[in-house]
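When the letters of the sequence shown are read in order and numbered with UniProt numbering, they come out as residues 1 to 402.
In this text, a Cβ means the ideal position worked out from N, Cα and C, and glycines have one as well.
What follows is a short report on a single structure.
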Amino acid sequence: MAGELVSFGIQKLYGVLSQEYAQFQGVDDQVAELKSDLNLLNSFLEDADAKKHKSAMVRNCVEEIKGIVCDAEDTIETFLLKVKYGKTSGVKKRIKSLACVIPDRREIAIDIGGISRRISKVISVMQSFGIQQIITDGGYMQPLHDRQREMRHTFSEDNESHLVGLEEKVKTVVGYLVEEEDTVQVVSITGMGGVGKTTLARQVFNHEMVKHHFDALAWVCVSQEFTRSSVWQTILRALTPNEEEKKTADMQSVHDELFGLLETSKALIVLDDIWKEEDWDLIRPIFPSKKGGWKVLLTSRNENVASRGDITCFNFKPECLSAKESWELFQRIAFPKKDASELKVDEKLEEMGKQMIKHCGGLPLAIRVLGGLLATKDTLDDWERVNQNVVSHVMGRTRFSD
């Protein structure tokens, strides 16, 4: 379990480095090297878990990796905080801020170099115990960013269970999409990662009122790495399901066909996980400028994405789950074999569980991860071990208010 939790921490740190890439100008090479090292480290850790090594030395390696990840988190978070609070207005303040940030970039470059050397050392030790990179069936290691991209890929099918606190949110978003006044063409769902943006969009997409209102529906997972061609082609396939795909069609032809379809039909296009305003700029030329029957529902961590140049956008920010909702979701996942209507949880487990979910800050994804870890743990000792690891591994240095 410890290896699984450390792996979660590595992926979390990798995600921060990817998401905040714009802040690391000047240390791009060092950050790229650290991401590569984390990728490699995670693959060795997976092999150690798969082989279930019981050697004390291997356990020490896992503990060392835990320390490396924690130190790396401290280094990155401290730097990002300095960058954030160093952004000031005024020429003199900006010059002073720049003078402070340059040494910080030198310091982080040195710190990252030290972390990379520690990673190389621990990998050498793991290799001496027969632990290797995880190899896929094709004979090549699947990079962490590729696996993360696959994990992030979303689908429109509604096969989710354990949904809590969504009813009113779905009702609000659906209302804006099916209103006949056409005052709103674009609805965005924005918020931090793990708050449930995709889950909410999926429930809206599959809502009976939405299916009845629109003639055609299209779901596209955009994510961080995409091409305009792939997005447009996916939308076109969804809007013209009975037509044979035109593989040789040039982009202008695809644009013209989609533009014509959206001008004359009532279609809902869901664009899930858009990262930057520029990404929306690339996709949006297919949508007619005049109001019509088409609507767009998009999700993003960046609330500026949809409103960029579009005054007809409505931005919906889902709130995190309340303490009551968090506990309800946690119970459904952590105690899957029990009847929810007659659920009686051991008082000590309940007290510990409620303490642990405070670290989740009402984020459904974090609660699901925690509940999933505890679903197979039956004793108080098991829960206590997870409790100790949750604070140091899964949640890192982040703390949420109650």
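Where the alpha helix (DSSP H) containing Asn206 begins and where it ends
For Asn206, there is no enclosing alpha helix (DSSP H), as DSSP marks it with neither H nor E.
Does any residue of chain B have a CB that is nearer than 8 Å to the CB of Gly165?
Of the protein chains in the structure, only one exists, and it is not chain B.
For Lys324, which of Glu225, Gly362, Asn42, Leu298 has the nearest alpha-carbon?
Nearest of Glu225, Gly362, Asn42, Leu298 to Lys324, Cα basis: Gly362.
If Val204 sits next to Phe314, beta carbons under 8 Å apart, how far is it from one beta carbon to the other, in whole angstroms?
The Cβ separation is near 13 Å, so there is no contact.
Ile357 - containing alpha helix (DSSP H), residue span:
Residues 347–358.
At the level of alpha carbons, what is the spacing between Asp378 and Val69?
If you draw a straight line from the Cα of Asp378 to the Cα of Val69, it comes to about 29 Å.
So if DSSP puts Asp272 in a beta bridge, which residue, or which two residues, is it bridged to?
Beta-bridge annotation (DSSP): Asp272 is paired with Cys221.
Determine the contact status of Ser234 and Val220, defining contact as a CB-CB distance below 8 Å.
The sequence given here places Thr at residue 234; Ser does not occur at that position. With contacts defined by Cβ atoms closer than 8 Å, Thr234 and Val220 form a contacting pair.
Quick one: what does DSSP say Ser188 is sitting in, helix, strand or coil?
Here Ser188 sits in strand by DSSP.
DSSP state of Phe335 mapped onto helix, strand, coil
Correct three-state label for Phe335: coil.
Which residue comes first and which comes last in the beta strand (DSSP E) that contains Lys295?
Unbroken beta strand (DSSP E) run through Lys295: 295–300.
Among residues of its own chain, excluding the 5 on either side of Leu258, which ones have a beta-carbon nearer than 8 Å to its beta-carbon?
For Leu258, where only same-chain residues beyond five positions count, the Cβ hits under 8 Å are Trp232, Ile235, Leu236, Leu239, Ile286.
Do Val210 and Val187 count as a contact pair if the criterion is CB distance below 8 Å?
No, Cβ-Cβ distance for Val187 and Val210 is not below 8 Å.
For Leu329, tell me which candidate among Gly353, Arg117, Lys317, Asn302 has the shortest Cα-Cα distance.
Considering only alpha carbons, the answer is Gly353.
What residues are listed by DSSP as bridge partners for Asn315?
Note: Asn315 sits in a beta bridge opposite Ser188.
Give the straight-line distance between the Cα atoms of His213 and Asn206, rounded to the nearest whole angstrom.
The straight-line gap from Cα to Cα measures roughly 12 Å.
Report back the beta-carbon spacing between Ala222 and Asp272 to the nearest angstrom; my notes put them in contact at under 8 Å.
In the sequence as displayed, the identity of residue 222 is Val instead of Ala. The Cβ separation is near 6 Å, so the contact holds.
Is Gln142 helix, strand or coil by DSSP?
Confidence at Gln142 is low in this model, with a pLDDT of 43, below 50, so the placement of that residue should be treated as unreliable; the coordinate-derived value is given next. Residue state, collapsed to three classes: coil.
What is the C-beta distance between Leu177 and Ser116, in whole angstroms, given that I count them as a contact (C-beta under 8 Å)?
At roughly 48 Å, the Cβ-Cβ gap does not stay under 8 Å, so Leu177 and Ser116 are not in contact.
If distances are taken between C-alpha atoms only, which option among Leu349, Lys66, Leu365 comes closest to Asp381?
Across the set Leu349, Lys66, Leu365, the C-alpha of Leu349 shows the shortest separation from the C-alpha of Asp381.
When Pro364, Leu365, Ile357 are compared against His386, the one with the closest alpha-carbon
Note on residue identity: the sequence assigns Val, not His, to residue 386. Nearest of Pro364, Leu365, Ile357 to Val386, Cα basis: Ile357.
Here's a check: name, in chain order, each residue in its chain whose Cβ is nearer than 6 Å to the Cβ of Phe316, leaving out the five neighbours to either side.
Closer than 6 Å at the Cβ level, and outside the excluded window around Phe316, lie Val173, Ile189.
Distance between Gly191 and Glu107 (C-alpha atoms, nearest Å):
Their Cα atoms are separated by approximately 32 Å.
Compare the Cα-Cα distances from Thr376 to each of Arg308, His162, Ile333 and report the closest residue.
Nearest of Arg308, His162, Ile333 to Thr376, Cα basis: Ile333.
Rounding to the nearest angstrom, what Cα-Cα distance links Leu81 and Gly293 in this structure?
Pairing Leu81 with Gly293, the inter-Cα distance amounts to about 44 Å.
Taking Ala218 and Ile274 to be in contact with their CB atoms under 8 Å, please state how far apart those CB atoms are, rounded to whole angstroms.
Incorrect: roughly 15 Å between the Cβ atoms, too far for contact.
With burial defined as no fewer than 16 other Cβ atoms inside 10 Å of the residue's Cβ, what is the status of Ala201: buried or exposed?
Its Cβ being crowded by 16 or more others within 10 Å, Ala201 is buried.
Can you look up Ala72 in the DSSP assignment and give me helix, strand or coil?
Reduced to three states, the DSSP call for Ala72 is helix.
Ala375 (DSSP reduced to helix, strand or coil)
In the structure shown, Ala375 sits in coil (DSSP, three-state: anything other than H, G, I, E or B).
Judging by CA-CA distance, which residue of Gln252, Val62, Ile112 is the nearest neighbour of Asp29?
The residue with the shortest Cα to Cα distance from Asp29 is Ile112.
Own chain partners of Asp215 with C-beta closer than 6 Å, once the 5 adjacent residues on each side are dropped
Counting only Cβ-Cβ distances below 6 Å, and skipping sequence neighbours, we find Ser265, Lys266.
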